[in-house]
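To keep things clear, I will list the structure first and then write my remarks on it.
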Amino acid sequence: MPDDLIVRRAEAGDVDAWFELFEAVAAEGRWIGAEAPVDRVRAHEAFHGSLDADRAARFVAELDGRLVGELSVHRTAGVADLGMFVRDGYRGRGVGSALLAACLDWCRSNRAHKVTLSVWPHNAAGLALYRRFGFAVEGRLVRHWRRRSGELWDAVQMGLVLDETAPGSPFDDAGT
Ligand SMILES: CC(C)(COP(=O)(O)OP(=O)(O)OC[C@H]1O[C@@H](n2cnc3c(N)ncnc32)[C@H](O)[C@@H]1OP(=O)(O)O)[C@@H](O)C(=O)NCCC(=O)NCCS
């Protein structure tokens, strides 16, 4: 991980730099769900809405004086769902790992019993990163997401259980 990498909670003043990064990753067209052109108003609302919410957090990574990565996480009924991206040219240097470590600290201290995410099956870097942090593949959503091209893409669902001690369901599986 680069020595001068800073990971911190996002602030309102980050919105323009964050949106520029979000647009750039969306424009790559192959890594995140959002596709260009992204809706600026909705994106700004989502950004500001995640700052003060007690059930959500947004982290940003800064390197070379630039915003180079972000991770947002939303907790619903104890399950924290995350999404993240790192700027092209800054990937593979530990930025994603640092963001994910900060997120998992937040999840643990906010009593999440599980962390989930969704990743495209072709995203080798994402799959490698998530596996390294202990996420397991829990399923595959087949022909689930309609892209603007009309294509239907599969998505891989991954999960990381934080609470291993609570009992599970007392009922036997019905053989699904
Ligand atoms: C996925 C992503 C967030 C990872 O962030 P990052 O800063 O590159 O992650 P790190 O450098 O901390 O670690 C990446 C891991 O993936 C591995 N990796 C990188 N590129 C890879 C590739 N093409 N194939 C396999 N593994 C790869 C790295 O080796 C590293 O694992 P290691 O440390 O065990 O070797 C980043 O690549 C990214 O933003 N991609 C575009 C947007 C995106 O895919 N977002 C996630 C959507 S689910």
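For the sequence shown, position 44 matches number 45 in our numbering, and the numbering has no gaps at all.
Note that beta-carbon positions come from the ideal geometry of N, C-alpha and C, so glycine has one too.
- Listed in chain order, the non-local C-beta contacts of Arg149 below 6 Å within the same chain comprise Glu36, local neighbours out to five positions each way being set aside.
- Within the stretch 25-98, the complete alpha helix (DSSP H) segments at least 4 residues long are 41-50, listed from N- to C-terminus.
- CA-CA distance, Leu105 to Glu152, rounds to 33 Å.
- Here Trp146 carries a strand assignment [DSSP, helix/strand/coil].
- The stretch 66-77 makes contact with the stretch 19-33: 3 or more CB pairs, one atom from each, lie closer than 8 Å.
- Within the model, the alpha-carbon separation for Gly127 versus Leu118 is close to 10 Å.
- In the structure shown, Trp121 falls within a coil segment according to DSSP collapsed to helix, strand and coil.
- Apart from the 5 residues on each side of it in sequence, Asp164 sits with its Cβ closer than 6 Å to the Cβ of His114 in its chain, given in chain order.
- Annotated as distal: Phe60 and Leu52, with beta-carbon spacing of 8 Å or more.
- For Gly140, the three-state secondary structure derived from DSSP is strand.
- For Gly135, DSSP assigns no beta-bridge partner whatsoever.
- In this structure, Arg43 keeps its C-beta atom at 8 Å or more from the C-beta atom of Ala57.
- Pairing Ile33 with Gly169, the inter-Cα distance amounts to about 33 Å.
- Counting only residues of its own chain and dropping the five nearest sequence neighbours on each side, Gly84 has a CB closer than 6 Å to the CB of Ser73.
- In this chain, the beta strand (DSSP E) harbouring Asp155 covers Leu153 to Val162.
- Counting other Cβ atoms within 10 Å of its Cβ, Val96 reaches 16 or more and is therefore classed as buried.
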